[in-house]
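Engineer:
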Amino acid sequence: MPSSTKPEMEPYSRHILVCTGNFCSPDRRGRALYSLLAELLQREDLLFGPTRVKRGESPCLGVCSNGPIVVVYPDGIWYGSVTPDLLERIVVEHLKNNRPVEDAVFHRL
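Here the sequence shown is numbered in this note's numbering, starting from 30 and rising by one per residue.
(1) Rounded to the nearest angstrom, how far is the Cβ of PRO113 from that of LEU65, given a contact under 8 Å?
(2) Spatial neighbours of LYS83 within its chain, please: CB distance less than 7 Å, with the 5 preceding and 5 following residues excluded, ordered by chain position.
(3) Mark SER13 as exposed unless 16 or more other C-beta atoms lie within 10 angstroms of its C-beta, in which case mark it buried.
(4) Should the segment 127-138 be called in touch with the segment 65-76, which here means at least 3 C-beta pairs below 8 Å?
(5) Report the three-state DSSP secondary structure of LYS35 (helix, strand or coil).
(6) Between the C-alpha atoms of LEU62 and PHE135, what's the straight-line distance to the nearest angstrom?
(7) Could you name the residues that DSSP lists as bridge partners for ILE208?
(8) Could you check what DSSP says for LEU76 in three-state terms: helix, strand or coil?
(9) Can you give me the start and stop residues for the beta strand (DSSP E) that LEU46 sits inside?
(10) Give the single residue among SER33, GLY59 and GLU68 whose Cα lies nearest to the Cα of CYS93.
(11) Are GLY109 and ILE98 close, meaning C-beta to C-beta below 8 Å?
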């Protein structure tokens with residue numbers, strides 16, 4: 030029998046999505062980035078509290094080239110060809126210090 034209570038969501042500031050599909054990064058670089066992301070968010074104290082950043086993975090973000098692709102919401106900022114070094118910049122500069130990594134942005138909503 031379904032519960033009549035609504036789920037509760039802890040506050041968070043952003044949601045970062047990593048494409049882990051095989052089409053845009055067949056060598057599993059997206060999967061490696063997704064694993065690294067957890068470590069970076071923890072290191073930068075972005076896993077807990079109202080400014081926490083949720084992370085998610087998607088088998089396809091619809092770009093299908095120049096992957097791995099990373100998207101930050103609600104900002105609507107898309108990054109392509111993300112390397113571990115660029116992911117670290119995204120976490121520190123964009124997620125922690127609120128400055129998108131402009132030289133790596135390829136699309137904005």
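Built from N, CA and C at the ideal position, the CB exists for glycine as well.
Since this is a predicted model, take the numbers as computed values, not measurements.
Structural biologist: Taking the coordinates as given:
(1) For the purposes of this step, residue 113 is taken as residue 84 along the sequence shown, with counting starting at 1. For the purposes of this step, residue 65 is taken as residue 36 along the sequence shown, with counting starting at 1. Confirmed, about 6 Å.
(2) Position 54 of the sequence shown holds residue 83. Closer than 7 Å at the Cβ level, and outside the excluded window around LYS83, lie TYR41 and HIS44.
(3) Outside the shown range of the chain (30 to 138) lies residue 13, about which nothing can therefore be said.
(4) no
(5) Start at 1 with the first residue of the sequence shown, and residue 35 comes out as number 6. Here LYS35 sits in coil by DSSP.
(6) On the sequence shown, position 33 is the one that residue 62 refers to. On the sequence shown, position 106 is the one that residue 135 refers to. Cα-Cα distance, rounded: 18 Å.
(7) The first residue shown for the chain is 30 and the last is 138, placing residue 208 beyond what the model contains.
(8) For the purposes of this step, residue 76 is identified with residue 47 of the sequence shown, where counting begins at 1. Residue state, collapsed to three classes: coil.
(9) If you number the sequence shown from 1, residue 46 lands on position 17. 43-48 is the extent of the beta strand (DSSP E) around LEU46.
(10) For the purposes of this step, residue 93 is taken as residue 64 along the sequence shown, with counting starting at 1. Of SER33, GLY59 and GLU68, the residue nearest in Cα terms is GLY59.
(11) Locating residue 109 in the sequence shown gives position 80, counting from the first residue. Locating residue 98 in the sequence shown gives position 69, counting from the first residue. Contact: yes.
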